[in-house]
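Trainee: Just add 24 to the spot in the sequence shown (first one is 1) and you have my numbering.
The structure is given below, and queries will be raised subsequently.
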Amino acid sequence: MADRRTYNVVILGLGFLFIFTAFTTCGNVEQTVVKSLGNSTFTGSGYHSLGIIYGVFSFSNLLAPTAVKVIGAKVSMFLSGLLYSGYIAVFIIPSTWSFYLTSVLIGIGAALLWTAQGEFLVENSEASTINRNTGMFWALLQCSMLFGNLYIYLDWNGKTDISESSRRNIFLFLLVASVLGTLCFLVLRKSHNEEEMLSEEEGQSLLSARTMYKSRANSALQDAKSEFKTILQLLKTKTILLLSPCMAYSGLELAFYSGVYGTCIGATTHFGEAAKGLIGISGIVVGAGEIVGGGLFGLLCKNSRFRRTSVVFLGMVVHFIASYLIFLNIPADAPIVLETTTQQNPYLNPSVSIALLCSFLLGLGDSCFNTQLYSILGHVYAEESTSAFAIFKFIQSVSAAVAFFYSGYLMLMWQLLLMVILGFTGTLCFFVVERMQDFFVDMPEY
Numbered sequence: 025m026a027d028r029r030t031y032n033v034v035i036l037g038l039g040f041l042f043i044f045t046a047f048t049t050c051g052n053v054e055q056t057v058v059k060s061l062g063n064s065t066f067t068g069s070g071y072h073s074l075g076i077i078y079g080v081f082s083f084s085n086l087l088a089p090t091a092v093k094v095i096g097a098k099v100s101m102f103l104s105g106l107l108y109s110g111y112i113a114v115f116i117i118p119s120t121w122s123f124y125l126t127s128v129l130i131g132i133g134a135a136l137l138w139t140a141q142g143e144f145l146v147e148n149s150e151a152s153t154i155n156r157n158t159g160m161f162w163a164l165l166q167c168s169m170l171f172g173n174l175y176i177y178l179d180w181n182g183k184t185d186i187s188e189s190s191r192r193n194i195f196l197f198l199l200v201a202s203v204l205g206t207l208c209f210l211v212l213r214k215s216h217n218e219e220e221m222l223s224e225e226e227g228q229s230l231l232s233a234r235t236m237y238k239s240r241a242n243s244a245l246q247d248a249k250s251e252f253k254t255i256l257q258l259l260k261t262k263t264i265l266l267l268s269p270c271m272a273y274s275g276l277e278l279a280f281y282s283g284v285y286g287t288c289i290g291a292t293t294h295f296g297e298a299a300k301g302l303i304g305i306s307g308i309v310v311g312a313g314e315i316v317g318g319g320l321f322g323l324l325c326k327n328s329r330f331r332r333t334s335v336v337f338l339g340m341v342v343h344f345i346a347s348y349l350i351f352l353n354i355p356a357d358a359p360i361v362l363e364t365t366t367q368q369n370p371y372l373n374p375s376v377s378i379a380l381l382c383s384f385l386l387g388l389g390d391s392c393f394n395t396q397l398y399s400i401l402g403h404v405y406a407e408e409s410t411s412a413f414a415i416f417k418f419i420q421s422v423s424a425a426v427a428f429f430y431s432g433y434l435m436l437m438w439q440l441l442l443m444v445i446l447g448f449t450g451t452l453c454f455f456v457v458e459r460m461q462d463f464f465v466d467m468p469e470y
């Protein structure tokens, strides 16, 4: 039994590794690819697409648990993988309508995928193995930022323009990775609970099977209503209200490092023929920052208030340094130029070393905020952790969607200023929460 559960966790991690090798790489280069299209009939925006994805994802999260309980975690993940693959495939022969349609579909698929992943991971873990299994899954997932971006660097390095054949080859590679990840979900083995359920259902008629699924749907609907009420109650608590700016900030910087900063590097004229290849290297270095930060702060730090505030403060300082260096090193019009390169000059002569250092700092700072937000929510709302995390993902995703929509219109300096203001506010609010009655202030409110 233990071996089967370990097998399931490893295969689950590999599935996510392949799928998000495709999706994170796609998000990193999306706007650059869209700008390079010579097709006059294509009018899509990579920023708008990512904004749609995160916007739909945020609201779909409210209904995803019900759907997953009805159709099962394994089927949910497989169907979601197909939607991810469909989105990647659009870039092979791009058209505006399919681009935006698949953006909506992948937002729904993402909600199903992550909800099913959480349920499947819990089903295949025990109290003694949940930390180990979560660590194994996390380690495999973080590697998704490495391989696809390495391919981008190797293929784009030295190129000033992205040819049609180059674009098709890249997205065929990413499509194969996504399909492989989707197929991984088909070889997941049934958990012990599922086997018991199936053994009881053997020999039943089609009518009783329909009755079973109807019962599941009714039960899931009742659970969804109860969960929604809990979410509404938590939204009124002081802790959630105070943590909201920090959650929103995590969404802004998620949008910036995953979709905007790579585009800025690729559009910087001063980097010459190396600019496009640097998008891939930047993605790899961001991933390295995430892995280093997550390992240090997520695994080594215990639930100590001193350590939590220290890590968040470090994340704020790291991001402020990164923002200042980006302001000096990258042209202000880099996010919004319609051509492939910038027209303005930054304050410094753009340096590749500084640009990649900022990539690492963005990843490191992101891991600081995210690990500690998960930590404090899990500590304060131990009994309502599912609802608390749902609120976190909702606020984070809405914030990321808003950021992607304004990223194509605001100059780089104003985007950085917004992040600095919200990051400072969010950090202060996080400190206030840490000081509130040893994490028990919200208990009497129920």
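Idealized CB from N, CA, C, for every residue including glycine.
#1: Closest to W162 by C-alpha separation, out of S122, V316, V284 and V58, would be which residue?
#2: Let me check understanding here. Comparing Cα to Cα, which of P370, M340, F344 and L338 lies closest to N353?
#3: Name the residue from D357, S423 and A113 whose alpha carbon lies nearest to the alpha carbon of G275.
#4: Considering only residues of the same chain and omitting the five flanking positions on each side of F416, which have a CB-CB separation below 7 Å?
#5: Rounded to whole angstroms, what's the CA-CA distance from F421 to I112? Just pull it up for me.
#6: Ignore the nearest five residues each way along the sequence and tell me which others in S431's own chain have a CB closer than 6 Å to its CB.
#7: Give me the Cα-Cα distance between V310 and L452, rounded to the nearest whole angstrom.
#8: Measuring only the C-alpha atoms, how far is L38 from G304?
#9: Check G68 in the structure and name its three-state DSSP category.
#10: Tell me whether A135 is buried or exposed, calling it buried when 16 or more other Cβ atoms sit within 10 Å of its Cβ.
#11: According to DSSP, is D357 helix, strand or coil?
#12: Run through DSSP, which three-state label would S399 get?
#13: How far does the alpha helix (DSSP H) with L86 in it extend, from its first residue to its last?
#14: Give me the Cα-Cα distance between S119 and F195, rounded to the nearest whole angstrom.
#15: Nearest-angstrom Cα distance between L174 and Q55?
#16: Ordered along the chain, which non-local residues of its own chain (more than five positions away) have a Cβ less than 6 Å from that of R28?
#17: Whose CA, out of A279, T67, F42 and G296, lies closest to the CA of F171?
#18: Is any beta-carbon of chain B found at less than 9 Å from that of L41?
#19: So, are the CB atoms of H343 and L386 less than 9 Å apart?
#20: For the alpha helix (DSSP H) containing Y433, list its first residue and its last residue.
#21: For T126 and R459, what's the separation of their Cα atoms in angstroms?
#22: For the alpha helix (DSSP H) containing S274, name the first residue and the last one.
#23: What are the boundary residues of the alpha helix (DSSP H) that includes D185?
#24: Could you have a look at S104 and say whether DSSP puts it in helix, strand or coil?
#25: Using the three-state DSSP reduction, which class does Y24 fall into: helix, strand or coil?
#26: Cα separation between V128 and H294?
#27: Output yes or no for whether 9 Å exceeds the beta carbon distance between C382 and L349.
#28: Please state whether DSSP places L381 in a helix, a strand or coil.
#29: Using 10 angstroms around the beta-carbon of G447, count the other beta-carbons present and answer buried if the total reaches 16, otherwise exposed.
#30: Can you round the beta-carbon distance between L434 and F351 to whole angstroms, since I take them to be within the 8 Å contact cut?
#31: Which one of P355, S109 and L137 has the shortest CA to CA distance from T90?
#32: Can you give me the Cβ contacts of V361 inside the same chain, cut-off strictly under 6 Å, excluding the 5 residues immediately before and after it?
#33: Along the chain, where does the alpha helix (DSSP H) that runs through Y177 open and close?
#34: Are there 16 or more other CB atoms within 10 angstroms of the CB of E407, so buried, or fewer, so exposed?
#35: From the DSSP output, in three-state form, read off G227 for me.
#36: Under the assumption that F123 contacts V57 (Cβ atoms under 8 Å), give the Cβ distance between them as a whole number of angstroms.
Mentor: Here's the rundown:
#1: Residue numbering aside, residue 162 sits at position 138 when the sequence shown is read from its first letter. The residue with the shortest Cα to Cα distance from W162 is V316.
#2: For this step, residue 353 is matched to residue 329 along the sequence shown. Ranking the options by Cα distance to N353, first place goes to P370.
#3: To locate residue 275, count along the sequence shown from 1; it is residue 251. Here the closest residue by C-alpha is S423.
#4: In the sequence shown, residue 416 corresponds to position 392, counting from 1. Correct list, in chain order: M271, L397 and L401.
#5: Along the sequence shown, one-based indexing puts residue 421 at 397. Along the sequence shown, one-based indexing puts residue 112 at 88. First, the residue type needs correcting, since residue 421 is Ser and not Phe in the sequence shown. Taking the straight line joining both Cα atoms gives about 21 Å.
#6: The residue given as residue 431 occupies position 407 in the sequence shown. Hits under 6 Å: Y71, V284 and P359.
#7: Mapped onto the sequence shown, residue 310 falls at position 286. Mapped onto the sequence shown, residue 452 falls at position 428. In a straight line, the C-alpha of V310 is about 25 Å away from that of L452.
#8: By 1-based counting over the sequence shown, the position of residue 38 is 14. By 1-based counting over the sequence shown, the position of residue 304 is 280. Going by the C-alpha atoms only, they are around 21 Å apart.
#9: Here residue 68 refers to the residue found at position 44 of the sequence shown. If DSSP states are grouped into helix, strand and coil, G68 belongs with coil.
#10: Walking along the sequence shown from the start, residue 135 turns up at place 111. Under this definition A135 is a buried residue.
#11: Position 333 of the sequence shown holds residue 357. DSSP, reduced to helix, strand and coil, places D357 outside both helices and strands of the structure shown, so it counts as coil.
#12: Indexing the sequence shown from 1 puts residue 399 at position 375. For S399, the secondary structure class from DSSP, reduced to helix, strand or coil, is helix.
#13: Sequence index remark: in the sequence shown, residue 86 carries index 62 (1-based). Element bounds for L86: n/a, residue is neither H nor E.
#14: To locate residue 119, count along the sequence shown from 1; it is residue 95. To locate residue 195, count along the sequence shown from 1; it is residue 171. Straight across, the Cα-Cα distance linking S119 with F195 is about 15 Å.
#15: Position 150 of the sequence shown, counted from the first residue, corresponds to residue 174. Position 31 of the sequence shown, counted from the first residue, corresponds to residue 55. Between L174 and Q55, the C-alpha separation is close to 18 Å.
#16: Your numbering for residue 28 matches position 4 in the sequence shown. Only R213 meet the Cβ criterion.
#17: Translated into positions along the sequence shown, residue 171 becomes position 147. Ranking A279, T67, F42 and G296 by Cα distance to F171 puts F42 first.
#18: This model lacks chain B altogether; it includes just one protein chain.
#19: Taking the sequence shown and counting its residues from 1, one reaches residue 343 at position 319. Taking the sequence shown and counting its residues from 1, one reaches residue 386 at position 362. Between H343 and L386, the gap from beta carbon to beta carbon is short of 9 Å.
#20: Translated into the one-based positions of the sequence shown, residue 433 becomes position 409. Run containing Y433: none; DSSP gives neither H nor E here.
#21: As a first step, residue 126 must be located in the sequence shown, where it is residue number 102. As a first step, residue 459 must be located in the sequence shown, where it is residue number 435. Those two C-alpha atoms are separated by around 44 Å.
#22: As a position in the sequence shown, residue 274 is number 250, starting the count at 1. Per DSSP, S274 belongs to the alpha helix (DSSP H) from K262 to A279.
#23: Here residue 185 corresponds to residue number 161 of the sequence shown, with the count starting at 1. Boundaries for D185: no alpha helix (DSSP H) harbours it, and the DSSP string shows neither H nor E there.
#24: Here residue 104 refers to the residue found at position 80 of the sequence shown. DSSP places S104 in helix when its eight states are reduced to three.
#25: Here the chain has residues from 25 to 470 only, and residue 24 is not among them.
#26: For the purposes of this step, residue 128 is taken as residue 104 along the sequence shown, with counting starting at 1. For the purposes of this step, residue 294 is taken as residue 270 along the sequence shown, with counting starting at 1. So the alpha carbons of these two residues sit roughly 36 Å apart.
#27: Locating residue 382 in the sequence shown gives position 358, where the first residue counts as 1. Locating residue 349 in the sequence shown gives position 325, where the first residue counts as 1. When the beta-carbon positions are compared, C382 and L349 come within less than 9 Å of each other.
#28: Here residue 381 is taken as the residue at index 357 of the sequence shown, counted from 1. Look at L381 here: in three-state DSSP terms it is helix.
#29: As a first step, residue 447 is located in the sequence shown; it is residue number 423 there, counting from the start. G447 should be labelled buried.
#30: Sequence index remark: in the sequence shown, residue 434 carries index 410 (1-based). Sequence index remark: in the sequence shown, residue 351 carries index 327 (1-based). Actually they are not in contact, since the Cβ atoms of L434 and F351 sit about 13 Å apart, beyond 8 Å.
#31: Translated into the one-based positions of the sequence shown, residue 90 becomes position 66. The residue with the shortest Cα to Cα distance from T90 is L137.
#32: On the sequence shown, position 337 is the one that residue 361 refers to. Around V361: A291.
#33: Position 153 of the sequence shown, counted from the start, is the residue given in the question as residue 177. That run of the alpha helix (DSSP H) goes S168 to W180.
#34: For the purposes of this step, residue 407 is identified with residue 383 of the sequence shown, where counting begins at 1. Per the 10 Å Cβ criterion, exposed.
#35: In the sequence shown, the residue the question calls residue 227 occupies position 203. Note that G227 scores a pLDDT of 47, beneath 50, so its modelled location is shaky; the value from the coordinates is reported in the next line. Under the three-state reduction of DSSP output, G227 falls in the coil class, being neither helix nor strand.
#36: Taking the first residue of the sequence shown as 1, we reach residue 123 at position 99. Taking the first residue of the sequence shown as 1, we reach residue 57 at position 33. In fact, because the Cβ distance is near 11 Å, the residues do not count as touching under 8 Å.
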